[in-house]
Structures are given as C-alpha cells and as structure tokens.
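Take a look at the structure below.
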Amino acid sequence: MHLNRTTTKSFTGRTAILLTLALFSAPTLASEPSKETQPSKDARQPGVELAPYEVTYTAAMDKGITLNGTAKRTLTKKDGNVWLYRTDVDSFIANIDESLILKWENNQVIPLRYRYRLSGFLIKDREQSIDFDWDAGVATGKDEGEPFKLELREGALDPLGFQLQLSQDIKSGKRDITYQVIDGDDYDEDRFAVLDQEPMKTNRGSIITLKAEKVRDEGSKRETLMWFAPDEDFLLVRLLQTEPDGSRYELRLNRSDLGG
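End of the sequence shown sits at 259 in numbering that gives the first Met the number 0; the numbers just go up one at a time, nothing left out.
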C-alpha cells in the first residue's frame, strides 16, 4: 500500500493496523515509454522474469492481537508484457481496493494506470488515480478529489508498483535502492537497503530470508523492516513497523500460490 504516505505518516489505533495490513508485500493503457522518459536500464541485471502469484497475509498488533480481516495480493499476466498487480483488503474496519496496470520491460516496472480506493465506516473514504502518458512525459490524476498533472521523471513509479520493483530488484542482487514515487502532485524519494540474511520460522518450517529496511532520516524513531524469501520467489513474508510511541504492527505471509 502507500508505504511512505499512508502508513508512515498517519498510523493511529485500529486504522494503523488496517493500513499496515494493506502495506504488504502497497491504472487506460498508455503507450510505449519514450527514450527521454523510459526508466534507466544500465544498472539493472538481465534476465529477471516476473511470475504470477496469489498471496494472503495476516496482521497483528502489540500483545498478539490479530486484525479480523483478510488481505490478498495478486500478480496476473495479461497480453504480451502487460500485467495486473492488485491488492484487496477486506476487514471490519474498512476495505481497500488498489490496482496497477503495468508493463515489465528490461527488469523495470513501467506503470500505466494506477487506482486506489479506501472505504469504511470508521475512517474517511479516500480515492487516488494516476494515469501515465510516457510519450507525452506526464502523469495526470486525482488525489482526494484534487486533479494534478506532473512531469514524469526517469524511472517514476506509483505507490503500488514500487513495491513490486523492490522485490524484483532484491531478486536481481541489488542491496541499496532508491525510488522516485509519485505522491499526489509531487515525488517522494524512498530508499531501501538489504541488511542481512536471517532464518525465520514459519508454519511450513524454517526458511532463509533477506532482511531489509526503509532508510529514514537520522534520528527517526519510526522503523520499517521487511523480510523477503528467496525460495518463495522473493515474496514479502514478514513486515514489522515500529512507531515513535513504541507501538508495533506486523504482517506475516499466510498462504502463497506461485505460478498463478
């Protein structure tokens, strides 16, 4: 989900748990990216392929309290190199529907159409849309009802696509990565770093994971840690977020179906 905006700036109470759940790992088809705006390829290793999957997650807060809801993420191949990346959260607090139509070229997510909708009776409804016109070099959309138009930067990503890009970059061997993520009418620069290998106990036994963190400003009291499983095609298998007040929110992979 919106790692930088929704989950790192506005965690409170049960809403925080919902948005943590939606975070695991965060749409008209546009034309081929132009040479001026196409994401950089020189630093990317060849041969990283996407594979379809369907995964579900559970969430918990301090003292092991479990969120009564389900979160499902799917990656589905459409025509050619076009994919649909989707997150659906269904809980007693609210529902989240988030989707991205993208192209996968040269180991790079090329976002085309992004949609996000949050609805519920305990929180304010919210919608966001971004359409990417790579030929014109602009992104247009709406954020909380306000229209915006933004010049596309090289490698620009949306709030959902960067999460897919992160797992694929770690899969390709990258260990310190920065993304330009569209946030309304501006960009957020999000940096992530792989820390170490770490064993993890799961309901299917012990697995080896790669532990990563969201790199924040020095002195920040908020911490976001992620664990990716190489044997599960580098799926996110755990996420742990610690807030400045010491509150902790956790996601864990419940079920995975790799290969579609």
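Backbone N, C-alpha and C define an ideal beta-carbon position, used for all residues, glycine too.
In its chain, beyond the 5 residues on either side, Asp87, Arg116 have a beta carbon closer than 7 Å to the beta carbon of Asp96.
No Cβ-Cβ contact shorter than 8 Å links Tyr84 with Ser255. By the criterion of at least three beta-carbon pairs nearer than 8 Å, the region 119-134 is not in contact with the region 173-180. A straight-line Cα-Cα distance of about 28 Å links Phe161 and Arg203. Under the three-pair Cβ rule at 8 Å, the region 224-243 counts as touching the region 208-216. Under the three-state reduction of DSSP, Phe120 is assigned to coil, being neither helix nor strand. Restricting attention to beta strand (DSSP E) runs no shorter than 3 residues, the region 79-108 encloses them at 81-90, 93-104, ordered along the chain.
Under DSSP, Asp256 shares a beta bridge with Glu53. Residue state for Leu209 is assigned as strand, using DSSP reduced to three classes. Nearest neighbour of Asp124 by Cα position, chosen from Arg152, Asn94, Gln107, Leu111, turns out to be Asn94.
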